[in-house]
Amino acid sequence: MALLGSLFTVLLVLGLPIAIVLAGASMVFIFYDPMLSEATVFRSFFNFLSKYTLMAVPFFIFAGFLMERTGLIAKLFRLADALIGWVPGGFGFATLLAAVVFGAISGSSTAMAAAMGVIAFPEMRRRGYPAWLAAGVIASGGGIAILIPPSILLILYGVLTETSIVSLFFAGVVPGSCWRSAMPSCWCSSPGT
């Protein structure tokens, strides 16, 4: 175990990417541990990959990539602003709506937060929202987007715990659709209205 920790630390200090560090340290541990054989590790790896429900995860990532490359995120953001941007504090509502829709399409709250941080945060600051409120709206959108089906996290949770993914998706509909509950009550007097 000390060999694994020291190798992990050395590879990190050398500045290697984290994926290479994790794979390299794990491979050394697999080769030198008498309880593990290469056949056992590869068999369990391919058994895990043979689950068909995991096929959805790369497609969600690809959908998020396509949305970012084609400029669909900015168009989605403008649509949400046109729909509900006129209400008091409406640009915050529009940001949250765009975040929730993008999170539902891409399945990833991290990708949503990164995309909305680039698009929505500067625009909210330009319209007079304080930095803490702009960051809070984007962060709360990430928390809600993780529940909206189809979600990568729900798929992985269902695969790992052998829970019905359809049941998890149905369970995420009600909390995910209550995105207005994440809005602070002080938005009625917020700037940008």
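According to the numbering used here, the sequence shown is numbered sequentially starting from 779. Don't be surprised by glycine CBs; every beta carbon is placed ideally from N, CA and C.
#1: Going straight from the alpha carbon of Ala872 to that of Ile916, what length do you get?
#2: For Ala803, which residues from the same chain have a beta carbon less than 6 Å from its beta carbon, with the 5 sequence-adjacent residues on both sides left out?
#3: Note down the Cα distance separating Gly921 from Tyr810, rounded to an integer number of angstroms.
#4: With a threshold of 16 other CB atoms inside 10 Å of the CB of Val951, please say whether the residue is buried or exposed.
#5: I'd like the span of the alpha helix (DSSP H) that includes Pro900, first residue to last.
#6: Ala912 to Val788, Cα distance in whole Å?
#7: Identify, in the order they occur along the chain, each residue of the same chain with its Cβ nearer than 6 Å to the Cβ of Met845, setting aside the five sequence neighbours on each side.
#8: How many angstroms separate the CA atom of Ala891 from the CA atom of Gly919?
#9: Can you grab the Cα-Cα spacing for the pair Phe948 / Ser929, in whole Å?
#10: Locate the alpha helix (DSSP H) running through Asp811, then write down its first and last residues.
#11: Assuming Val879 contacts Leu854 under a Cβ cut-off of 8 Å, what Cβ separation, rounded to an integer in Å, is found between them?
#12: Anyone know if the C-beta pair for Ala841 and Ser884 falls short of 8 Å?
#13: Return the chain-ordered list of same chain residues with a C-beta closer than 7 Å to the C-beta of Ile926, the five sequence neighbours on each side being excluded.
#14: Just how far apart, CA to CA, sit Met894 and Ala909?
#15: Starting from Lys829, trace the alpha helix (DSSP H) in both directions and tell me its first and last residue.
#16: State the DSSP-derived secondary structure class of Thr941, mapped to helix, strand or coil.
#17: Less than 8 Å between the beta carbons of Leu946 and Leu932, yes or no?
#18: Can you give me the C-alpha to C-alpha distance between Leu790 and Val806, rounded to a whole angstrom?
#19: Unbroken beta strand (DSSP E) runs of length 3 or more, entirely within the region 820–871: which are they?
#20: Can you tell me the Cα-Cα spacing of Pro812 and Phe820, whole angstroms?
Let me lay it out:
#1: 11 Å
#2: Leu782, Leu785 and Phe786
#3: Rounded to whole angstroms, the gap between the alpha carbons of Gly921 and Tyr810 is 41 Å.
#4: exposed
#5: Ser887 to Arg904
#6: Rounded to the nearest angstrom, the gap between the Cα atoms of Ala912 and Val788 is 39 Å.
#7: Ile851.
#8: 8 Å
#9: 11 Å
#10: No alpha helix (DSSP H) contains Asp811, which DSSP labels as neither H nor E.
#11: 6 Å
#12: yes
#13: Val878, Gly881, Ala882, Gly950 and Gly954
#14: 14 Å
#15: Premise fails: Lys829 is in no alpha helix (DSSP H) and is neither H nor E.
#16: coil
#17: Going by C-beta atoms, Leu946 is nearer than 8 Å to Leu932.
#18: 15 Å
#19: none
#20: 16 Å
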